[in-house]
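Comments concern the structure below.
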Amino acid sequence: MKAKILVYTLLVLATIHVAEAQQPKKVPRIGALVPASAPVAPLVEALRQGLREHGYVEEQNITIEPRYAEGKTDRLADFAAELVRLNVDVIVVGSTPGIIAVKNTTGTIPIVMVTTGDPVAGRARC
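FYI, the numbering for the sequence shown is 20 to 145, going by this note's numbering.
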């Protein structure tokens, strides 16, 4: 799982880097929408570790904005909207309800889906 998260996130960051090559250096921001609480959700720590292994150090050359729903799926839409307002470069989502919340909130920010069931079947709810 960690490898997939890392590959997708790095691909998105690479496209952002190319697009900004002529502009002042900007620190990429990753939003992370997690359905569980921080102590039981390995998604964000796996993301941090994988990024560190590739030279990304949080608060130096990357920023991660995690939002934890603590098992309350009704909070996902509010957190998705908050990440959009923060203007993150990509949103990593750890559940099908989270994917739906992000999809219903933005059509411009790339979404990296991890630990989800069937995103195609879930598309009907988007």
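Where is the CB? At the ideal position from N, CA and C, for every residue including glycine.
Measure the Cβ-Cβ separation of residue 86 and residue 53 and say whether it is below 9 Å. Taking C-beta atoms as the reference points, residue 86 and residue 53 count as a pair closer than 9 Å.
DSSP on residue 99, reduced to helix/strand/coil? For residue 99, the secondary structure class from DSSP, reduced to helix, strand or coil, is helix.
For residue 129, which three-state DSSP category applies? Three-state result, residue 129: coil.
What's the gap between the Cα of residue 73 and the Cα of residue 82? The alpha-carbon atoms of residue 73 and residue 82 are separated by roughly 14 Å.
Under the three-state reduction of DSSP, which class applies to residue 58: helix, strand or coil? Here residue 58 sits in helix by DSSP.
Taking the C-alpha atoms as reference points, what is the distance between residue 126 and residue 62? 23 Å
I'd like the list of long-range same chain contacts for residue 88, defined as Cβ closer than 6 Å, with 5 residues on each side in sequence excluded. 54, 94 and 95
Keeping to the same chain, check which residues put their C-beta closer than 7 Å to that of residue 46; ignore five residues upstream and five downstream. Excluding five sequence positions before and after residue 46, the CB atoms of its chain that fall closer than 7 Å to its own CB belong to 80, 81 and 82, given in chain order.
Other residues of its chain near residue 67: CB distance less than 7 Å, five sequence neighbours each side excluded: 77 and 83
In whole angstroms, what separates the C-alpha of residue 75 from that of residue 58? 23 Å
Within the continuous alpha helix (DSSP H) that includes residue 146, where are the two ends? Absent from the model: residue 146. The displayed extent of the chain is 20 to 145, so no value can be given.
On the DSSP bridge assignment, give the partners of residue 71 in chain order. In the DSSP output, where bridge partners are listed per residue, residue 71 has none listed.
Nearest to residue 65 by alpha carbon, out of 120, 112, 100 and 117? Ranking the options by Cα distance to residue 65, first place goes to 112.
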